[in-house]
Amino acid sequence: MLELRGITKTFGSVVANNDVSIRVEKGNIHAIVGENGAGKSTIMRIAYGFYTADSGEIWFEGRQVQIRNPHDAIALGIGMVHQHFMLVDTMTVAENIILGAETGSAANLDLEKAVRDIKALSDELRLNVNPNALIEDLSVGAQQRVELLKALYRNAELLILD
């Protein structure tokens, strides 16, 4: 499903990834393990479009693709739950989840429908997240579940958990 071939990424003189290859198959769970600073998050961020590789190829569903940014990854069906949450504390769960996911103007946004859809998804997956809760009122565990819901709400078929 997703394959990174010969990925190299440097930050100045620091080599974060050197000729890294990984193949992730649908329906399987894969883990990348290593010491702090070994480049695990870097390779995941390349797969999600936060970073671009200095060299190497990314293949998805049997074809070579360019993932230049998270929007490209989301369009392919790749979602990411970040090590450091990307949530706005003063907004609700639903507002955080639809932020950047809904197309069109804010005037056309159906927040009530989004709340219903998010509640249904949360219930289906037994994640126990209230779409109307403020992020700042949630535990760290609940915020992590919000990040998971955010990826799944955007129809991610492949989840990267950092």
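Numbering (my numbering), first residue to last: 114 to 275. Every residue, glycine too, gets a C-beta built ideally from N, C-alpha and C. A quick note: this is a predicted structure, and the numbers were derived from the prediction, not measured.
- Query: Which of helix, strand or coil does DSSP assign to Val206?
  - Reply: Taking the sequence shown and counting its residues from 1, one reaches residue 206 at position 93. Three-state result, Val206: helix.
- What does DSSP give as the partner residues of Met193 in its beta bridges? One-based indexing of the sequence shown puts residue 193 at position 80. Bridge partners of Met193: Ile273.
- Can you give me the Cβ contacts of Lys153 inside the same chain, cut-off strictly under 6 Å, excluding the 5 residues immediately before and after it? Locating residue 153 in the sequence shown gives position 40, where the first residue counts as 1. Taken in chain order, the residues that qualify are Ile145, Gly147.
- Query: Based on Cα-Cα distance, which residue from Ser126, Leu115, Ile210, Arg229 lies nearest to Tyr161?
  - Reply: Here residue 161 refers to the residue found at position 48 when the sequence shown is read from its first residue. Tyr161 has its Cα closest to that of Leu115, out of Ser126, Leu115, Ile210, Arg229.
- Item | Residue from Leu212, Ile187, Leu189, Gly190 with nearest C-alpha to Met199 | For the purposes of this step, residue 199 is taken as the residue at position 86 of the sequence shown. Taking only the C-alpha atoms, the option nearest Met199 is Leu212.
- Task: Could you pull the start and end residues of the alpha helix (DSSP H) that Gly254 belongs to?
- Result: Counting from one through the sequence shown, the residue named residue 254 turns up at place 141. Where Gly254 is concerned, the enclosing alpha helix (DSSP H) stretches over 253–266.
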